[in-house]
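Visitor:
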Amino acid sequence: MNNSLGDGPLGGELADLEQALRRSVPAVPAGLEQRVLSAVQRELAAGPRGRNGWAGFAAAAAAMVLVTLNFTLAATRPDDLAPPGPDPQQVQAVYKDIRAALPELSEAEARRQSLLLMAAAQLPPAPALPRPPAMTAASRAQLNQLLENDHGLRSVLD
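Residue numbers (our numbering): 11 to 168.
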């Protein structure tokens with residue numbers, strides 16, 4: 011079997027190309043092979059770099075165990091993340107006060123209200139926001155005038 015690209019319909023052009031490619035291979039400089047071999051021998055003699063052997067493996071394994079334990083403990087104890095609930099004795103005392111003050115409430119509604127009051131007592135205080143100024147009569151008249159003149163705006167607000 012002939013591996014030449016010159017066989018076939020484009021034989022002449024491909025044969026010329028094949029010859030040109032064979033001639034274009036540069037010659038290896040003198041001493042290159044010896045320099046490469048000596049560099050490889052130096053690297054092999056130096057040993058592996060960036061590895062600490064057994065100590066590095068042990069440190070990486072210990073770090074992985076600690077991280078895994080941390081995530082596992084955090085995932086199995088969600089009660090540590092939740093705020094504490096209301097004290098049952100305080101809820102019972104509030105329930106009794108509600109039943110005494112409002113006897114017409116059902117027992118279930120009184121319990122619900124006592125739980126709500128105790129939960130609201132544990133909320134952090136919210137900042138007092140300033141109230142927007144009240145609309146004056148002149149401002150209201152101007153708004154009404156604008157609404158009467160612009161039917162598109164009125165349809166959006168209606």
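We treat Cβ as the ideally placed atom computed from N, Cα and C, and that holds for glycine.
Only a predicted model underlies this, so the values are computations on that prediction, with no experimental measurement involved.
Just checking my contact of residue 132 with residue 96 at CB under 8 Å: how many whole Å lie between their CB atoms?
Guide: 7 Å
Visitor: Does the beta-carbon of residue 75 have 16 or more other beta-carbons within 10 angstroms, so that it is buried, or is it exposed?
Guide: Exposed is the label assigned to residue 75, since fewer than 16 other Cβ atoms lie within 10 Å of its Cβ.
Visitor: On the premise that residue 105 lies in contact with residue 121, defined as a C-beta separation below 8 Å, what is that separation, rounded to the nearest angstrom?
Guide: 6 Å
Visitor: The alpha helix (DSSP H) with residue 63 in it runs from where to where?
Guide: 63–86
Visitor: Which same chain residues, not among the five before or five after residue 2, have their C-beta less than 7 Å away from its C-beta?
Guide: Residue 2 lies beyond the range of the chain shown here (11 to 168); nothing can be said about it.
Visitor: Short of 6 Å in beta carbon distance, which residues of its chain neighbour residue 123, apart from the five on each side in sequence? Order them along the chain.
Guide: 108
Visitor: So what does DSSP say about residue 223, is it helix, strand or coil?
Guide: The structure shown does not extend to residue 223, since the chain is modelled only from 11 to 168, so the question has no answer here.
Visitor: Give the secondary structure of residue 116 by DSSP, where H, G and I count as helix, E and B as strand, and everything else as coil.
Guide: coil
Visitor: Using a Cβ-Cβ cutoff of less than 7 Å, which residues in the same chain neighbour residue 152 once the five nearest sequence positions on both sides are dropped?
Guide: none
Visitor: Round the Cβ separation of residue 128 and residue 102 to the nearest angstrom and send it over; I've been treating them as touching at under 8 Å.
Guide: Incorrect: roughly 10 Å between the Cβ atoms, too far for contact.
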